[in-house]
């Protein structure tokens, strides 16, 4: 089922953590597929299917990251660097400006940047297209200001999962992933579901890629939490009652 983080009535809002998520797209068997991963029970969003990603760490804002990162404006460096680093850490896919040899073992943090530099390559921020921005509701105990990016890959890359964070990975057509959600087979958070709904309209990765206007403005989506019939529900901008929700 779709999940929203639980509300905390009467408590002050916490500041959202900047984070980046990457939707890896590939044309497999003639159809667009996206890579989804399942979080371990001990991780944030434990047990849920999401896309690779995580928070922007200090190393993503360091001179090392700026040196290794190519194809981005300074204001975007931290966000895109985090997305590229987390994708390498979590599934072992390095989005670089030229092919490189994979490391002998999974790497984390600054070691991801140093490995890419040792291969004479750069992490290529130009391989990301900024799709959407979701901000966790004010009532949640842990909040994220998450930017979602598209990236195109071949789809036959060897995956190396971060075993402490992930339990499985699957290439899946977006409509199939949504069917699994609605049948109760997969759990997801709301932003994951909505980004899948966006991708479900496209048959090929090129179509999805070209649908994103890099020069366009991406407006943050801030769901609002309400209680209806004893259940927590999320309202999105444009939903009835969104403007009155607290």
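In our numbering, the protein residues as written are 23 to 268. Each residue gets a CB set at the ideal place from its N, CA and C atoms; glycine is no exception.
Going by CA-CA distance only, name the one from 259, 255 and 58 that's closest to residue 162. Of the listed residues, the one whose Cα sits closest to residue 162 is 255.
Closer than 7 Å by C-beta to residue 33: which residues in its own chain qualify, once you throw out the five before and the five after it? Chain order, please. Its pLDDT being 49, under 50, residue 33 is placed unreliably in this model, and the value from its coordinates should be taken loosely. Cβ neighbours of residue 33 within its own chain (closer than 7 Å, five residues either side excluded): none.
From the DSSP output, in three-state form, read off residue 213 for me. Looking at residue 213 - three-state DSSP - the assignment turns out to be helix.
Start and end residues, beta strand (DSSP E) containing residue 191: Bounds of the beta strand (DSSP E) holding residue 191 are 188-194.
Beta-carbon gap between residue 186 and residue 149 smaller than 8 Å: The Cβ atoms of residue 186 and residue 149 do not sit closer than 8 Å to each other.
Please classify residue 61: does DSSP put it in a helix, a strand, or coil? Reduced to three states, the DSSP call for residue 61 is strand.
Just tell me which of 257, 46 and 86 has its CA closest to the CA of residue 178. In this structure, 46 is the residue among 257, 46 and 86 with its C-alpha nearest to the C-alpha of residue 178.
Close Cβ partners of residue 264 (< 8 Å) along its chain, the five nearest in sequence each way excluded: Here the set comprises 246, 257 and 258.
Check this for me: beta carbons of residue 169 and residue 101, under 8 Å apart or not? In terms of Cβ geometry, residue 169 and residue 101 form a close pair [threshold 8 Å].
Could you check what DSSP says for residue 66 in three-state terms: helix, strand or coil? Here residue 66 sits in coil by DSSP.
Using CA atoms only, rank isn't needed, just tell me which of 216, 103, 90 and 143 is closest to residue 121. Closest option to residue 121, judged by alpha-carbon separation, among 216, 103, 90 and 143: 143.
Looking only at DSSP bridge pairs, what is residue 118 linked to? BP columns for residue 118 point to 145.
Leaving out five residues on either side along the sequence, give the residues of the same chain with a beta carbon under 7 Å from the beta carbon of residue 146. Once the five neighbours on either side are set aside, the close Cβ partners of residue 146 are 92, 93, 117, 118 and 119.
For residue 158 and residue 42, I'd like the C-alpha separation in whole angstroms. Residue 158 and residue 42: Cα-Cα distance of roughly 13 Å.
Helix, strand or coil: which one does DSSP assign to residue 140? The three-state reading of DSSP puts residue 140 in helix, counting H, G and I together.
Go to residue 231, then tell me how far its alpha helix (DSSP H) extends in each direction, as first and last residue. Element bounds for residue 231: 227-232.
Inspect the CB distances between the segment 204-216 and the segment 224-238 and report whether three or more fall short of 8 Å. As far as the Cβ criterion goes, the segment 204-216 does not touch the segment 224-238, which means the pair count is below three.
Kindly give me the distance between the Cβ atoms of residue 62 and residue 188, rounded to whole angstroms, as I take these residues to be in contact under 8 Å. About 6 Å separates the beta carbons of residue 62 and residue 188, which is inside the 8 Å limit, making them a contact pair.
Using the beta-carbon count (16 or more within 10 Å), is residue 238 buried or exposed? Exposed: under 16 other Cβ atoms inside 10 Å.
Neighbourhood of residue 86 by C-beta, 7 Å cutoff - its chain only, sequence neighbours within 5 removed: Here the set comprises 132 and 135.
Endpoints, alpha helix (DSSP H) assigned at residue 105: Element bounds for residue 105: 99-113.
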